[in-house]
Structure formats: C-alpha cells, structure tokens
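Taken in sequence, the protein lines are chains A and B. Letter by letter, the first sequence follows residues 573 to 862 in the working numbering. Letter by letter, the second sequence follows residues 573 to 862 in the working numbering. Backbone N, C-alpha and C fix where the C-beta goes; we use that ideal spot for every residue, glycine too. If you're wondering where the values come from, they're calculated on a predicted model, not measured in any experiment.
Protein chains: 2
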Amino acid sequence: MSTPPVIIERLAIIGTGLIGGSLARALRAAGGVTTIVGCDRDAHNLLQALELGVVDEIAADVAAAVRGAQAVFISVPVCAIPGVVREMVPFLAPGCVVSDGGSVKAAIVAECEGLMPPGCCFIGGHPIAGTEHSGPAAAFATLYQGKRCILTPTVNTDAGAYDTVSRLWQAAGAQVCCMEPGHHDRIFAEISHLPHVVAYALVHAVGTADVEGENVLSYTAGGFRDFTRIASSDPAMWRDISLMNREALLGSIDGFSRSLAELRCRIESRDPQGLAEFFTIAKQFRDGIV
Amino acid sequence: MSTPPVIIERLAIIGTGLIGGSLARALRAAGGVTTIVGCDRDAHNLLQALELGVVDEIAADVAAAVRGAQAVFISVPVCAIPGVVREMVPFLAPGCVVSDGGSVKAAIVAECEGLMPPGCCFIGGHPIAGTEHSGPAAAFATLYQGKRCILTPTVNTDAGAYDTVSRLWQAAGAQVCCMEPGHHDRIFAEISHLPHVVAYALVHAVGTADVEGENVLSYTAGGFRDFTRIASSDPAMWRDISLMNREALLGSIDGFSRSLAELRCRIESRDPQGLAEFFTIAKQFRDGIV
C-alpha cells in the first residue's frame, strides 16, 4: 500500500469539540494533514484537545490560529460562525480555503462569502454525523466513516478550493455530496429543524395541559421519553437555528400543520377508512427509511 | 414465608398475546390463580400459548372460555372489546368480574357496563406496560413488575369485584391506581395518543414535502428515525384509538396546535428571547420526566 498523499500542510480548527476534534483525529489517522492547530473560546476544551493529541498545536485566538494555514475548519455554534470569520479575515494566508460544519447554510454562506478577501474562498459544509456527547474527549477518528458530508459551493466558489475541502472530508471517511445552500436548508428544515420544533411544541403542550389540575407528565412511559428526547437539546442552539433558517422552517411548519389538520379532520368526521389510509401512508414512509 | 393466597380459582384470558400472556405468566408465578384458560381468535397464537405453558387450558370460543370463570381478562384490540363482551354475556358465571387492558376507557366502560347481566361487573383497566414485541412467545412474568395499572371503576362498580381485579394486578406486580374513565382518556390523549398522531402527521408531512422534487427522507439520520419510531405502529390500532378517544384527542390536538402556533409566531417575528424561553420551558418539562 502506498502512503496516502498529504492534502495540506497546515489546518486550523476553530472549535475543538466533537465535530472539529473528530475531523482532526480522522485526518491525522488518514495522514491527510501535516499539522493541525486548534483554537477554542473554552480554555478547558482547548487544553484538553492538546493533551489528548486531538490537535498538534493550540492558538490563543483566531488570528494566531489561521496564520499560515492552507485551510480553516470552523465548528462553533451556527450563529457564531460569521463572527469567527470576521475575526480571521485580516490574517488569512493567500489562497486559504475556509469551511464550516454548521447545520444551516444559506445565511452563513451568503455572509461569509462576502467577507472573504480576494484569493480566499469560503465553502459551506455540513457533516451528517454526531453523537449525544460533546467536547474534545468525545471526539473519535471514525465519526465520519461512511457518513455524508454536504458541501454547498456557489457560483463564486473556486474549483481548487472545493477540491481541497472535498478531499479533506473524503480522507476523513465521509461521502461528499454537493448542493445549493438554499436547497440544503429546505431539506434540513424538513428532516431536522421541523422535528425539533415539533418535539419542543409537543412537550410544551403536554406540560401545560390542564387535565383536572393533574400533572399528566407523571403518567408518561418509555414511549413518550423516546419520542421527546430531542426536546432536551440545547435551547440556545435551537433558538439560533430557528432564526437562521427561519424562512424554510416556517414553510416546513406550515406543511406539517396542513398534514395535522388533514388528520384532525379525518378524526373529527369519524372517517375510519381515511384514518387507516393516512396512518398507512405515514408508516410506509417511516418504514422506508430504516 | 407463607404461601400466597389464591385470589380466584379460574381466570379466562381472551387474547393470549403479550399483554394477556404476561398477566397469565405473572399470576401463575405468584400463585394467584389455580387455572388459567386461554382463548384467541388466532389459532397459532392459542396453540402456542398452551405449548409454552402460558395458559393451562384453551377454549375454542369465548363462550367456552368464560364458563365457570370467576374473572375474565380481555386483551384484544380496543375496538374488538365490546364485541367480545357481547359474545360472553350469556355464558358468564354468576358474580363473574370482567376486565380489560385497552388503552381507551370511557367508550369501552360505558358500553361494556351496559352489557353486564345482573350480578356480573365490568371494570375497565389499562396496564402501563409493553414491549415492541407481540404474541404469546413475547409474554413474560415480570412485564408488570413495578408498573402502574390504572383501573377505572364507576358508580356502578361492585366493591368486591374491584377488590378482585385490584388484587390480581397487585399479585402480577403492578401498582394499581384508580381514576374516572374520562379522566384516564384525557391523560392518555395527551401523553400517548397525541404523540402518535403528531408523529404520523410529521412523517406524512416530511414524506410528501416537495423540495425541488428530491426525496428528503433519504437524508434522514438516526435522530429522525428515533423521533418517528412510533409512526411505525399498527395503523389499524391507531385508527381505532383515534376514533374511540375522539373527543379528548381533538382537544389535545388543538392544545398542541396552539403551542406550535405560539412557537411559529416567535420564529416569524424573529424573537430570540421568546424562542429561548419557549425551548427552555419545554426542555425543563422534558428533563423533569426522566
């Protein structure tokens, strides 16, 4: 077997948690990068990333982290990404490619592309992988193995820069696919952002329901807990995602409300055939994805 | 240790699947019943229940099963319960108590109470336990251990009959609690029937969403699968539950729709503070039940 080619010499990772740390570990295991420098607002995370060997070097701020890097990967909460890009812009090396791992793309890509100095390129990315854990200690080299990573280039994207980011993700084990940022956001509004919003609304409704003054949540069993697990996610993260993907999410909520209204109508009109059809269609969709 | 008292000599179980079969196994293990006779419309299930020792005897029909029994437990789909009661009425022994395990109570209790001959008593029941498996082979003696079983007596309920059903469930390991049938239905509309309806509507909406003609379900990951698992439940069962608990369920759907509309309003009006509050309240409800 031949030694895999080094894709770039120096990669900066801003945000050394599960997502950034796992990319670092995967690229080290694959030999795709010579040196990885980490930066994190949280000093404990940053020192731990160095101690655990997730990164080779650490930097005190974004400016120092990106100096001399051929590529930068940003894995911080979605609403913080444009601010991080703003900080790094004056210090980017010529030809540097900047990418991110945020789960919303159109707003981020539009803003960050506009911030790039001539010769540098921003490419939106979204690896479809994760665990319920966080922080550098949770990072592992095979997180992205066989998982999809969506890249969202635009008409402004440099082909060489796209190739670099794509090869980095492939070296990390991911299957790279490519789509328009708005298309990404409409898909994830449906399959991720809508389910979270629905789960939060459901728990809110059940928690505030007044059934003769009784706390109905005390009767919940395993099924309810499983169904509502995603309503335990970080409220600040979902506040940001809801606002950053506002338009697509509103459309998805409206589509869901139409489906629910249709189902409600079949219950109200006592339509056994219509109910069986509705539930069967939904079950077929659900069983088709397993 | 003293031998536990036999509660009744002869118990008939109509429907020898997971729920009925596990009650049989639990009562045998506890020594609460001398003889258990099983009856099931599905001949394979019935013979298997006998072969596996879930029941002592089997009967070809409901009439034969209930003859000489002091208690009858009905564990068949909710919409089939009144029909089973109708079949058994002419053959019930004097003083027999009939109970069920259906997840809807008001409609069943009203109908089945009215069918009882003088001296016999129907008491609605709902054990809060289950697994994803079904059939007599899935039954096990500890299914109800430490779980709640809700009984829904009415003003017509005979105290001795209630005591018999209550002692049977306690012998099976369950914690018996007691509530009015309509109260039960309003609670379970919130914590069980509403989540199922919402999950079906969500999968229906996402499955029929048109995002530039693409099958968005192909992008779903583990989170979506977990969240929508209950939309894989039996459509016929949920058709029946939706219709039998129609009124309470419509109220729960409307309460949920109000919560969702409130959340949608905070997204549309770009209200970060309001969104953080809503998500935090929901997360607190959710984390409180674990």
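Secondary structure of P666/B (DSSP, three-state): coil. If one requires a minimum length of 4 residues, the alpha helix (DSSP H) runs lying completely within the region 658-735 of chain B are 678-687, in chain order. Going by beta carbons, V775/B and T736/B fall outside the 8 Å limit. The C-beta of G827/A has 16 or more other C-beta atoms within 10 Å across all chains shown, which makes the residue buried. Contacts with chain A at 8 Å (Cβ-Cβ) do not include R639/B. With a beta-carbon spacing of about 5 Å, I825/A and R836/B fall inside the 8 Å limit used to define contacts.
Short of 8 Å from the beta carbon of M809/A, and not among the five residues preceding or following it, lie these beta carbons of its own chain, in chain order: P649, V650.
Excluding five sequence positions before and after S764/A, the CB atoms of its chain that fall closer than 8 Å to its own CB belong to S675, given in chain order. Per DSSP, the unbroken beta strand (DSSP E) holding Q747/B starts and ends at 747-750. If you check the CB distance, S814/A and I853/B do not come in under 8 Å. Within the same chain, and ignoring the five residues on either side of S805/A in sequence, the residues whose Cβ sits closer than 8 Å to its Cβ are H768.
At least 8 Å separates the CB of F712/B from every CB of chain A.
When C-alpha distances from L590/B are compared across E683/B, L789/B, C668/B, T714/B, the shortest belongs to T714/B. Against chain B, the beta carbon of T852/A has neighbours under 7 Å at P807, listed in chain order. DSSP lists I586/A as the beta-bridge partner residues of C611/A. Put simply, the CB of Y734/A is far from chain B, with every gap to its CB atoms at 8 Å or more. In chain order, R582, D628 place their CB closer than 6 Å to the CB of T607/A, counting only its own chain and leaving out the 5 sequence neighbours on each side.
Its chain contains C693, I695 as the residues whose beta carbon lies nearer than 8 Å to that of T729/A, once the 5 sequence neighbours on both sides are disregarded; these appear in chain order. In terms of CA proximity to A615/B, I586/B leads the group G846/B, I586/B, G745/B. Within the same chain, Cβ atoms closer than 8 Å to the Cβ of I700/A are found at K719, R720, C721, I722, the five residues on either side in sequence being excluded. For I646/A, the enclosing beta strand (DSSP E) starts and ends at 643-646.
According to the DSSP assignment, S831/B belongs to the alpha helix (DSSP H) that extends over 818-840. For V627/B, the three-state secondary structure derived from DSSP is coil. The bridge partners DSSP lists for V578/B come to none. Judged by beta-carbon spacing, L687/B lies beyond the 8 Å limit of V656/B, meaning their Cβ atoms are not closer than that value. Around the beta carbon of A761/A, a 10 Å sphere encloses 16 or more other beta carbons of the protein chains shown; the residue is thus reported as buried.
Residue burial annotation: N787/A is exposed, with fewer than 16 other C-beta atoms found within 10 angstroms of its C-beta.
In the three-state reduction of the DSSP assignment, T780/A falls in the helix class, which pools H, G and I. Under the three-state reduction of DSSP, T852/B is assigned to helix. A contact is defined here as three or more CB-CB pairs under 8 Å, and the region 702-714 of chain A meets this definition with respect to the region 595-607 of chain A. Per DSSP, the beta-bridge partners of V605/B are I580/B. Between I861/B and R613/A, the gap from beta carbon to beta carbon reaches 8 Å or more.
For the options R830/A, L740/A, R758/A, G707/A, the alpha carbon positioned closest to that of Q717/A is the one of L740/A.
Apart from sequence neighbours up to five positions away, the residues of its chain that approach A771/B with a beta-carbon distance below 7 Å are T800, I802, A803, ordered along the chain. Put simply, of V578/A, G593/A, K855/A, V609/A the residue whose alpha carbon is nearest the alpha carbon of H705/A is G593/A.
Note: E786/B is bridge-paired with V783/B in the DSSP secondary-structure output.
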